[in-house]
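Contents: one structure, followed by commentary.
Chains as they are written, first to last, in our numbering: chain F, 1 to 291; chain C, 292 to 582; chain R, 583 to 873; chain Z, 874 to 1164.
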């Protein structure tokens, strides 16, 4: 029962339009008018302005239209014409096309297994096309899910990244770092051609760097957290997608803090990946808007 | 500094339009088109559909228009014409007009003082026109805030409610029950002519009735909560506006559970009143949509 | 790395003593004195009194003693002598003996997989001796973990329970109902000879019965929760071990409420099982003390 | 009703003993034996060891003994003798003696009023002996509670601190910085002769320094928090007593983040002051143990 269940209402002929521009009168009316002209039904429309005056404007519009696949070029043309005078950045996504995702891991399995399990039971609408690791420890775990596991050792970092880029070229829409313990080079991030989501094992900005649980223990923090963010060249400084915390006390050892933290990590990462998969996340400078 | 600060951007010439109707194509475009025709600038637009097909549709539109006060009749006329074919229920609110609020209390002061204090420091844009109590215990506390305190004893319930209705007739836009220990009659709720928000001292639906903290203690609950909801004839069954909880353990006494619960109560009630004051809450059957 | 890691400090020669009695002077001194006499080192000692006067007293003492296995009869004899005048109920547990656990499931896999995974990676010190189900849907998932799966159909409830009791007789220290959709008979609970932990898919006491997510949606609740409790003859009324909640809004569908709720369910159940496995939970009437 | 209620069980003849030492066998038995010898009844006993072997040991023992006031010198003598061979640090507190507290503020009133209000209604067992401010803005608010307000301008920092030290010398058991916007000198902290609790307006360690809400907004954090800690010479680096967070989204303005944060600040500070007042907090290096 739980294997075959779909979590989505039928997404055929459904599209999502994301737009960003300077706030100005008439944007909502213009988009809604376009939808009416092409005969689309708006399923949901969410927007956000950073300021009442002179701010940035963000909008996510989900709409249904018969024969979206065939009519897509025509609709894109109309959007482009509408977007130009407003100075809009925009992107159009077909809700029926699941994003192709590569997961990078090292030796921790908690975030990886959580994602694999959610996809398997039909709770997360992505296709995990491969798991890439610099270790072999998790090969069997991944095999149980019928997903390809690719071992690329980290002995030579430049060679490793070159192989990874080869593997991913044109094949993925998203890379998820599920506690991947290697630092990506700026070069990799620029060349990979897809957004990269990382899960950081602390409530950023805090305890950046190695061994945050030991340092949290030493400092006596009362809450342990995790942060999912887009990876940028400036490590751990990318736009935050989701965060959460759990309460701890002095009675927990550093190992127990880690265990509690890992439970937070996998939930936070799963939520971030889900929102990205549903085209809900728009990056705004160093922060995000979740619509 | 904290007394005079306004928490709002200037609300002059700003209005909020709430609409509810059966979901159908063209609603967003119709409203956005109307805004464009009258020269209004949409500041924010939030909507919700209960279902992709055949559901209910809810929308809150905040817009700015020069001379809203004078143009209001004209705009209302246009909205009425637009609303009719869609079968919309709608209401239009002037953001510059603070809602007039009566607070009902008995002997607990925590929720009352929290609301008085937030209004005094400019954090909550309502006008508290009077505090009504069946006791005199809190008279001095209220006097410190320069708010009228009206004592109406509960010896004769019918007489008490008649006096309350007299006092409030046409004078208030909202009644807040800030731990008011009398049960309102159906008759009162129908006649008072304004929505009534109640704070319930448990995480509804749970432990309805007297002494929830003792019962929570007896049952060993690990979380203590509170629920703010609109009062309806069916006590504690009205649409929920906001809820929250706090973690407790066996080590807390029933008195300490109460104390922890009261901290939750005042935050939950303050959030519910704020959202109502900002015309964010639309009732949908037994639930609410917060836009 | 994560497969072989032990989460415990070495538990050889370590024991846990749980006591319950009427509160009275001298209990702590008596127990601590006994520990000193036998040469045990107290690792931790936690206690709780329900009232300063006339209440119940609970204590959990963890101690280390060379050759605990051999000396156990002698120590039990001394505890029995100490306990009698105080009217103590007590139990002594060998920390090095992992509890044998049977997990009952139907078709939902989220709680089951979470427990299997925690045991596999060394994060939960129990032995899962078998998974019992009235369905076959989860057979392969369990096989991946190398744990026996026993299918006992529910066509004849009395026959099913008889087979279950046969299977478990003397073989388990704990039964975990990991979203098992059959109601246990009073007779089963009395005969099974081990405590039974159930995970309830709501924040008890609330929405007892079928389909709590749909009912939560209808009522507009703002927090979705789960409750782990000992199963008693009075369904869903057993002592609460752990609870938690997560925040939701009107925008979540009933299916999404369920999905969010399932994430809470597996964390809450895992915590409850862990605390039980560590002999931290003492039942007190309808509630629990977690030491 | 709410003004006169006492939140404590009778604390006459009740004392609290805090001890810290290297972990070693026999500590609990030694303390419990001493209690038995002097005829004291242990009300509660909580302890914590940082490690099973070679760690630090902390214990809080609450006990009742007839005529504690008169017998105190005798009991202190016995504790001193017991403590010496164990190398214990210890302190003994009379539960019936409310701590004398000075509150330092600048212009924000939320933490100050929350503490004044809790004491007034009998929910917090401290005596607020004075409020010290470098501004006059809150003079009337404090006067409403019948508490002395002392204005000491900050024009000359050395002179200001000298006056503050004069005022507090021997008169207070605790100083609370309730959003006091001046940095205390190391000299002040050394000379004040009482612990100092500060409330920091972020989830430490994070966004240390000015304007954390604007920086949190810029970075897109999803949780806003506050931290109560003991003030040390190293600003914001003192041992953490309590922390909490609240969930926020991109839709909240920086002002709304501040408002949400202030609600967290006052709850966190109130909890920290309560635990300190109940002698529950033992400092351990840069962290705390809360017993």
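No residue lacks a Cβ here, since even glycine has one placed at the ideal position from N, Cα and C.
Tell me which same chain residues have a C-beta within less than 6 Å of the C-beta of residue 485(C), skipping the five on either side of it? If you number the second chain from 1, residue 485(C) lands on position 194. Result list for residue 485(C): 463, 464, 465 and 466, in chain order.
At a CB distance below 9 Å, what residues from the stretch 1110-1126 of chain Z approach chain F? Give them in sequence order. 1110, 1112, 1113, 1114, 1115, 1116, 1117, 1118, 1120, 1122, 1123, 1124 and 1126
Within the continuous alpha helix (DSSP H) that includes residue 322(C), where are the two ends? Here residue 322(C) refers to the residue found at position 31 of the second chain. From DSSP, the alpha helix (DSSP H) with residue 322(C) extends over 318-329.
Please decide whether residue 22(F) counts as near chain R, where near means a Cβ-Cβ distance under 8 Å. Position 22 of the first chain, counted from the first residue, corresponds to residue 22(F). No - not a single Cβ of chain R is within 8 Å of the one on residue 22(F).
List the whole-angstrom C-beta distance separating residue 806(R) from residue 850(R), where the pair is believed to meet the contact cut-off of C-beta under 8 Å. The residue you call residue 806(R) lines up with position 224 of the third chain. The residue you call residue 850(R) lines up with position 268 of the third chain. 12 Å between Cβ atoms; not a contact.
Taking beta-carbon pairs under 7 Å, can you tell me which members of the stretch 694-716 of chain R lie near chain F? 695, 699, 703 and 705
Could you check which residue in 734(R), 738(R), 760(R) and 762(R) has the C-alpha nearest to that of residue 749(R)? Here residue 749(R) is taken as the residue at index 167 of the third chain, counted from 1. Considering only alpha carbons, the answer is 734(R).
Kindly indicate which three-state DSSP category residue 929(Z) falls into: helix, strand or coil? Residue 929(Z) sits at position 56 when you count from the first residue of the fourth chain. Residue 929(Z): strand per DSSP, three-state reduction.
Quick one: what does DSSP say residue 782(R) is sitting in, helix, strand or coil? To locate residue 782(R), count along the third chain from 1; it is residue 200. It is a strand residue.
Going by the DSSP bridge assignment, what does residue 102(F) pair with across the sheet? As a first step, residue 102(F) is located in the first chain; it is residue number 102 there, counting from the start. Residue 102(F) is bridged to 130(F) and 175(F).
With 7 Å as the limit, tell me which residues of the stretch 430-448 of chain C have their beta carbon closer than that to any beta carbon of chain Z; keep them in chain order. 435
Beta-carbon proximity of residue 964(Z) to residue 1050(Z), cut-off 8 Å: For this step, residue 964(Z) is matched to residue 91 along the fourth chain. For this step, residue 1050(Z) is matched to residue 177 along the fourth chain. No, these two residues do not count as a Cβ contact at 8 Å.
Run down chain Z in chain order and give the residues with a C-beta less than 7 Å from the C-beta of residue 281(C). A question about residue 281(C) goes unanswered here, because the residues of chain C that appear run from 292 up to 582.
May I have the straight-line CA-CA distance separating residue 874(Z) from residue 428(C), to the nearest angstrom? Translated into the one-based positions of the fourth chain, residue 874(Z) becomes position 1. Translated into the one-based positions of the second chain, residue 428(C) becomes position 137. With a pLDDT of only 26 at residue 874(Z), under the threshold of 50, the placement of this residue in the model should not be trusted; the figure read from the coordinates follows. Whole-angstrom Cα-Cα distance: 8 Å.
Which chain C residues are close to residue 211(F), counting only those with a beta carbon under 8 Å from its beta carbon? For the purposes of this step, residue 211(F) is taken as the residue at position 211 of the first chain. Neighbours of residue 211(F) on chain C: none; closest Cβ ~27 Å, over 8 Å.
Closer than 8 Å to chain D by CB, residue 633(R): Checking the listed chains, one finds no chain D in this structure; the protein chains it contains are F, C, R and Z.
If I measure Cβ to Cβ from residue 502(C) and keep anything under 7 Å in the same chain, skipping five residues before and after, which residues do I get? In the second chain, the residue the question calls residue 502(C) occupies position 211. Hits under 7 Å: none found.
Quick one: give me the first and last residue of the alpha helix (DSSP H) that residue 549(C) is part of. Position 258 of the second chain holds residue 549(C). Its alpha helix (DSSP H) spans residues 545-568.
Chain-ordered chain R contacts of residue 579(C) [CB-CB under 8 Å]: As a first step, residue 579(C) must be located in the second chain, where it is residue number 288. Residues of chain R passing the Cβ test: 802 and 832.
Pick helix, strand or coil for residue 906(R), following the three-state DSSP scheme. Because chain R here runs from 583 to 873, residue 906(R) falls outside it and cannot be looked at.
Go ahead and pull the three-state DSSP assignment for residue 671(R). Along the third chain, read from residue 1 onward, the residue named residue 671(R) stands at position 89. In the structure shown, residue 671(R) sits in a strand (DSSP, three-state: E or B).
Compare the C-beta of residue 188(F) with all C-beta atoms of chain Z and state if any pair is closer than 8 Å. As a position in the first chain, residue 188(F) is number 188, starting the count at 1. Not one chain Z Cβ lies under 8 Å of residue 188(F).
Rounded C-beta distance between residue 105(F) and residue 116(F)? I'm assuming under 8 Å. The residue you call residue 105(F) lines up with position 105 of the first chain. The residue you call residue 116(F) lines up with position 116 of the first chain. Wrong, their Cβ atoms sit about 11 Å apart, outside the cutoff.
Are the stretch 892-907 of chain Z and the stretch 928-941 of chain Z touching, with three or more C-beta to C-beta distances below 8 Å? yes
Considering Cα atoms alone, identify which of 959(Z), 1126(Z) and 1076(Z) is closest to residue 244(F). Start at 1 with the first residue of the first chain, and residue 244(F) comes out as number 244. Closest option to residue 244(F), Cα to Cα, is 1076(Z).
So which residues on chain F does residue 941(Z) lean against when the C-beta distance must stay under 8 Å? Within the fourth chain, numbered from 1, the residue matching residue 941(Z) stands at position 68. None at all; the shortest Cβ gap to chain F is about 29 Å.
Of the listed residues 575(C), 354(C) and 571(C), nearest to residue 29(F) (C-alpha basis): Numbered from 1 along the first chain, position 29 holds the residue referred to as residue 29(F). That would be 354(C), whose Cα lies nearest to the Cα of residue 29(F).
Less than 7 Å between C-beta atoms, sequence neighbours within five positions excluded: which residues of the same chain meet that for residue 492(C)? Position 201 of the second chain, counting from 1, holds the residue named residue 492(C). For residue 492(C), where only same-chain residues beyond five positions count, the Cβ hits under 7 Å are 503, 517, 552 and 556.
Rounded straight-line distance, which links the Cα of residue 675(R) to that of residue 591(R): Taking the first residue of the third chain as 1, we reach residue 591(R) at position 9. Taking the first residue of the third chain as 1, we reach residue 675(R) at position 93. With a pLDDT of 48 at residue 591(R), under the threshold of 50, the predicted position of this residue should be treated as unreliable, though the coordinate-derived value follows. Each residue's Cα considered, the two are about 16 Å apart.
Could you check if residue 960(Z) is buried or exposed, using at least 16 other CB atoms within 10 Å of its CB as the buried criterion? Indexing the fourth chain from 1 puts residue 960(Z) at position 87. Residue 960(Z) comes out exposed.
What are the partner residues of residue 812(R), as DSSP defines its beta bridges? The residue given as residue 812(R) occupies position 230 in the third chain. Residue 812(R) pairs with 779(R).
Chain C contact for residue 982(Z) (CB, 8 Å cutoff): In the fourth chain, the residue the question calls residue 982(Z) occupies position 109. So, interface residue.
For residue 971(Z), which residues in the same chain have their Cβ closer than 8 Å to its Cβ, ignoring the five residues on either side in sequence? Your numbering for residue 971(Z) matches position 98 in the fourth chain. Cβ within range, chain order: 998, 999, 1000 and 1150.
So which residues on chain Z does residue 203(F) lean against when the C-beta distance must stay under 9 Å? On the first chain, residue 203(F) is found 203 positions in, with the first residue counted as 1. Near residue 203(F) (Cβ distances below 9 Å), the residues of chain Z are 1076, 1079, 1094, 1096, 1098 and 1118.
Within 10 Å of its beta-carbon, does residue 47(F) have 16 or more other beta-carbons around it, so buried, or fewer, so exposed? One-based indexing of the first chain puts residue 47(F) at position 47. Classification of residue 47(F): buried, given that the 10 Å Cβ count is 16 or more.
How should residue 821(R) be labelled, buried or exposed, when 16 other C-beta atoms within 10 angstroms of its C-beta is the threshold for buried? Taking the first residue of the third chain as 1, we reach residue 821(R) at position 239. Residue 821(R) should be labelled buried.
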